[in-house]
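Chemist: Sending over a structure as structure tokens; questions will come in a sec.
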Amino acid sequence: MTSETRTRGARRERFDPASYEAKWRERWEADALYVARDDDPREKSYVLTMYPYPSGDLHIGHWYAATGPDIVARLYRMRGDNVMFPMGFDSFGLPAENAAIDRNIHPAIWTAANIERMRTQFKSMGAGFDWSREVITSDPAYYRWTQWIFIQFFNAGLAYRAMAAVDWCPKDQVVLAREQVEGPERRCWRCGTQVEKRDLEQWWFRITNYSDELLDFSSIDYPDPIRLMQTNWIGRSEGAEIDFPTEADDVEPIRVFTTRPDTIFGATFMVLAPEHPLVPILTTVAQRADVEAYVAQARRATEIDRMSAERDKTGVFIGSYAINPMTNERIPIWIADYVLPGYGTGAIMAVPAHDERDFAFARRYDLPVRYVVGPRGGGIPDGAAFVGHSDDEVLIDSGDFTGMPAAEAIHAITKALEERGLGHAAVTYRQRDWLVSRQRYWGAPIPIVYCTEHGAQPVPDDELPVVLPEDVDFAPTGVSPLQDHAEWLATTCPACGGPARRETDTLDTFVDSSWYFLRYCSPHDETAAWNPEQVAAWMPIDLYTGGAEHGVMHLLYFRFFVKALRDLGHLAFDEPTLKLRNQGQILGADHNRMSKSRGNVQAPDELVARYGADTVRAFLMFIGPWDQGGPWNPSGIDGIQRWLGRVWDVAAQPSVAGGSGGDEAGELARALTRATHTTIAAVTEDYEGFHFNTAIAKLMELTNAIIRERDAGMAGSTAYATAVDTLVVLLAPLAPHIAEELWERRGHAYSVHRQPWPVADPGLAAADTIELPVQVDGKLRDRLVVTPDTPPEEIERMALASVHVQRYLRGREPRRVIQIPGRLVNIVTPRD
RNA sequence: GCCGGAGUGGCGGAACGGCAGACGCAGCCGGCUUAAACCCGGCAGCCGAAAGGCGUGGGGGUUCGAAUCCCUCCUCCGGCACCA
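Per our numbering: the first sequence = residues 396 to 1227.
Spelled out as structure tokens, the structure:
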């Protein structure tokens, strides 16, 4: 904590953030300084940071995540944009329900209390959030429209109900979307428990309709890692679907997907997934017992066992044969669990010579391996799978196609099959549809009723929202707690008026967060999910920030929502945000993720009490590149405190321009003006580019320059007054409270946050003289101080005259002299 | 295994292919103080008395010049993982 400061004997008023920070926050709120107005004619700028789950307390990571976009939003605002920077809460979800179970508090009450607390904590950081637009997703006024969107999707066939083997978390007693199961051990993203497979009838969103469009990033600016994650997740593969006839009568052929139709002459057996529908039909009597045992075992095997690439491949011959359509050979049909039922057609042509997995399987069961692709120059590979398929490889032993480059044969063989009606080019994706139903209470009820006569019927719009009943037993049973609520459960069919039963599953909370950014545009509209004019005016988001951990979940889902709602005629743009930036994660001091159970959570409250909000904000932005994050380490916060104390020292008095202090035209004044303008240019660029750490370094340098000039007697000059005022304005986005307080003390009109952003004058930023490094053979040997307009011949003459250079030249003529104008001189010595 | 990102002083980190270590932290010396804290001034990559030499994970390459570009290897972090 700073005590009284002494500067050259003069006592100045203490730098005491506690004396003014709260005062200014109240003033800003009273003046609606950050409230975005729909009728503002200036250019709009929608800046958004991912809203948090109201877990109970803000930790330092929330401050870290929010301060970056707050700085940029404040920059945009000072530049004259009409900025919307809203905040809300992603308030449905399991922790509330678990708290209810553990502590016997209703989820709604627990959630409301947490929101209250976190809102207060958020307000203490002085961020320029527009709280008038706050969205709370567990509010019926919000989830009414989540349900409305579900019904739009249902009516359009984008929401459907289907039985499937799904991931089930035995601890949370709930199904999970595939994206929510993590790592090779298949753990629940929320609690870390290993998931199980269960066959359940669930609700899905048809996100795969948009797989191709989701691969297109041409109109948006996303970080490369996110683009790659999404691209890999969607996993587009081009190849062919090929039909292999079987010997059985009246049985459809086996359709396979392959990316390597060029290897078809090497297909020596077939493998079907154990779940494949043709398995019971094609299994011969002799093999039935073995096959049934294997299928049963595959069903029981956990996802983990089954997916492990390390595990030995197992399978069973089912007794019948298919015909290779190119060679007309009989090839045996096997089942094996390394073929997955959900990808491609759930069946493959096995080409052991050119696929690692098929090779391992063939080895184990002694199946034939036939090489049909090899290096152009000959030399037949042996003893391993040979996977090359470029123009450098050619087909061998492949009938009419022998000798053709493999890359060409992919298309030629596909075409030949197509002409015979046995195949066609095809594309498949790894991405699956999004499983959205959850067997828990604290979520938006799926607005569907079941009628024995009419099946699944959407709840009519005028009956929305389907409100969660309050009096339920939350104990997890594997089915939704709503199933025990007879009164809520019973309803009537919208089609016939007869008795019907409500759907009891609720929606994945990622559904809520897939459209909250739209709600912010017209948060109080009671007649629609959003007002079309206001959405047209504000959307798309100009800058969205958040954690990269949402790369294949939220950041994919919200893109899907916008595209789907566009196709349903509700939106007129293609992407939710034009620009995305990810902040790094602040880890605990122990280098682990902050979590209550680890006890490594750093709360901001005590830091704010000790240092003030501005110091905490500036410190967080100073510790390193914003997109990098890192372990929490408070050493260094005192340095930030000292710096702001020095800023206070130079700026806490009225601004006096043109006073009696120093020579206005002298070198000192020019140097300070130059420093002021180079700082404006650099800080502006750094703020915009999210390089807050270097922006702060440059603000510190300007502060140090100002102090030197003050000590040199320049404090009364116009250049000095301008430098200090500029420093305060440049500081405003980063440290809004101290900037406001100093702005007032310097005698300027409220508010610094409404000041126009300064513009650097390149003429004033230009240096009178430059220091030119002189290298000999690339190593620094001397420096020249010259004016920028010194002719190159003169610079060369001066450089060669340097004693340091001459020592290395030893009287010889230089072989070359390289000049980079304004940057350096490099003298290359002769070779000898 | 595949795909990314990253390795720079005691620490956090700077550096359009052009002065490596900006800006800070911690440290040391000095001033202020009865004293300490705060504050202020200075020093500070490593080796060396100096001249100078060596330095951006290791090795190689391109270049007048490489932390930066290329190849290769090592380590750490993240994502995906039998996807045919």
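All C-beta atoms, glycine included, are put in the ideal place defined by N, C-alpha and C.
With a CB to CB cut of under 7 Å and the five nearest residues on each side skipped, what residues in its chain are close to Q834?
Modeler: Here the set comprises Q568, V569, V570, G873, V874, S875, D900.
Chemist: Going by alpha carbons, who is nearest to A1161 out of R1069, D985, K708, V1198?
Modeler: Looking at the Cα atoms, R1069 is the closest of the given residues.
Chemist: Report the rounded CA-to-CA distance for V844 versus E898, giving the unit in angstroms.
Modeler: Whole-angstrom Cα-Cα distance: 6 Å.
Chemist: Over the uninterrupted beta strand (DSSP E) stretch that includes W729, give me the two end residues.
Modeler: Its beta strand (DSSP E) spans residues 725-731.
Chemist: Let me know the secondary structure DSSP gives P436 once reduced to three states.
Modeler: P436 falls in the coil class under three-state DSSP.
Chemist: Does the Cβ-Cβ distance between C664 and T740 come in under 7 Å?
Modeler: The sequence shown places Phe at residue 664, rather than the Cys named in the question. No, they are not a contact pair.
Chemist: For a minimum of 4 consecutive residues, which ranges assigned as the alpha helix (DSSP H) are wholly contained in the segment 444-525?
Modeler: List check, alpha helix (DSSP H) in window: 455-473, 489-498, 502-518.
Chemist: What do you get for T1010, buried or exposed, if any count of 16 or more other CB atoms within 10 angstroms of its CB means buried?
Modeler: With 16 or more other Cβ atoms within 10 Å, it is buried.
Chemist: Give me the DSSP bridge partner(s) of I637.
Modeler: I637 is bridged to V651, G818.
Chemist: Let me know the beta strand (DSSP E) ranges lying completely inside the segment 905-961, each 3 residues or longer, listed in chain order.
Modeler: DSSP runs (the beta strand (DSSP E)) wholly in the segment 905-961: 938-942.
Chemist: I need the straight-line Cα distance from G943 to N977, nearest angstrom please.
Modeler: Per the sequence shown, the amino acid found at residue 943 is Ala instead of Gly. When rounded, the distance between both Cα atoms is 6 Å.
Chemist: What are the boundary residues of the alpha helix (DSSP H) that I544 is part of?
Modeler: Its alpha helix (DSSP H) spans residues 535-550.
Chemist: Please classify A572: does DSSP put it in a helix, a strand, or coil?
Modeler: Of the three classes helix, strand and coil, the one that applies to A572 here is coil, per DSSP.
Chemist: Candidates V590, G1173, Y1203: which alpha carbon is nearest I1215's?
Modeler: When only C-alpha atoms are compared, the closest one is G1173.
Chemist: So if DSSP puts R556 in a beta bridge, which residue, or which two residues, is it bridged to?
Modeler: In the DSSP output, where bridge partners are listed per residue, R556 has W598.
Chemist: Starting from the C-beta of L1077, find all residues in its chain whose C-beta is less than 7 Å away, skip the five residues before and the five after it, and write them out in chain order.
Modeler: Before going further, note that residue 1077 is Ala rather than Leu in the sequence given. Answer for A1077: K1093, listed in chain order.
Chemist: Could you tell me the alpha carbon to alpha carbon distance between V1220 and L1122, rounded to whole angstroms?
Modeler: Spanning the two alpha carbons is a distance of roughly 35 Å.
Chemist: Specify the secondary structure class of M721 as computed by DSSP and reduced to three states.
Modeler: The answer is coil: DSSP assigns M721 none of H, G, I, E or B.
Chemist: Tell me whether the beta-carbon of K974 lies closer than 7 Å to the beta-carbon of L1002.
Modeler: No.
Chemist: Between P449, V590, P412, Y471, which lies nearest to Y441 when the distance is taken from Cα to Cα?
Modeler: Of P449, V590, P412, Y471, the residue nearest in Cα terms is Y471.
Chemist: Under the DSSP definition of a beta bridge, which residues are partnered with Q589?
Modeler: Answer is R582.
Chemist: Take the Cβ of E416 as the centre, count every other Cβ of all protein chains shown within 10 Å, and call the residue buried at 16 or more, exposed below.
Modeler: The residue in question, E416, is buried, as its Cβ has 16 or more Cβ neighbours within 10 Å.
Chemist: Give the range of the alpha helix (DSSP H) segment to which P620 is assigned.
Modeler: Run containing P620: 619-629, per the alpha helix (DSSP H) assignment.
Chemist: May I ask you to verify whether the segment 632-652 touches the segment 948-968, counting CB pairs closer than 8 Å and requiring at least 3?
Modeler: With the cut-off at 8 Å, the segment 632-652 and the segment 948-968 do not touch.
Chemist: Let's see if you can read the secondary structure: which residues bound the alpha helix (DSSP H) around E608?
Modeler: Note, E608: alpha helix (DSSP H), 606-609.
Chemist: For A742 and Q547, I'd like the C-alpha separation in whole angstroms.
Modeler: If I take the Cα positions, the gap works out to 35 Å.
Chemist: Confirm, please, whether the CB-CB distance from P675 to I730 is below 7 Å.
Modeler: No.
Chemist: Can you give the beta carbon distance from P864 to V854, rounded, assuming they're within the 8 Å contact cut?
Modeler: That belief does not hold up - the Cβ atoms of P864 and V854 are roughly 15 Å apart, past 8 Å.
Chemist: Considering only C-alpha positions, which residue in the set D1184, R514, P449, P871 is nearest to W505?
Modeler: Nearest C-alpha to W505: P449.
Chemist: Taking D1276 as the reference, which of H965, A559, T1071, D750 has the closest Cα?
Modeler: Examination of residue 1276 is not possible in this model, given that the chain is present from 396 through 1227 alone.
Chemist: Just to confirm the assignment, what range does the alpha helix (DSSP H) spanning E1104 have?
Modeler: E1104 -> alpha helix (DSSP H) spans 1087-1106.
Chemist: Which residue from M934, M558, R896, G893 puts its Cα closest to that of L913?
Modeler: Comparing Cα-Cα distances from L913 to each of M934, M558, R896, G893, the minimum goes to M934.
Chemist: Give the DSSP-derived three-state secondary structure of P1225 in the structure shown.
Modeler: Here P1225 sits in coil by DSSP.
Chemist: Suppose you measure from the CA of D452 to the CA of N995; what does that come to, to the nearest Å?
Modeler: Whole-angstrom Cα-Cα distance: 14 Å.
Chemist: Is the beta carbon of W1152 sitting closer than 7 Å to the one on R474?
Modeler: Yes, they are a contact pair.
Chemist: So, with DSSP's three-state summary, where would you put T1113?
Modeler: Helix at T1113.
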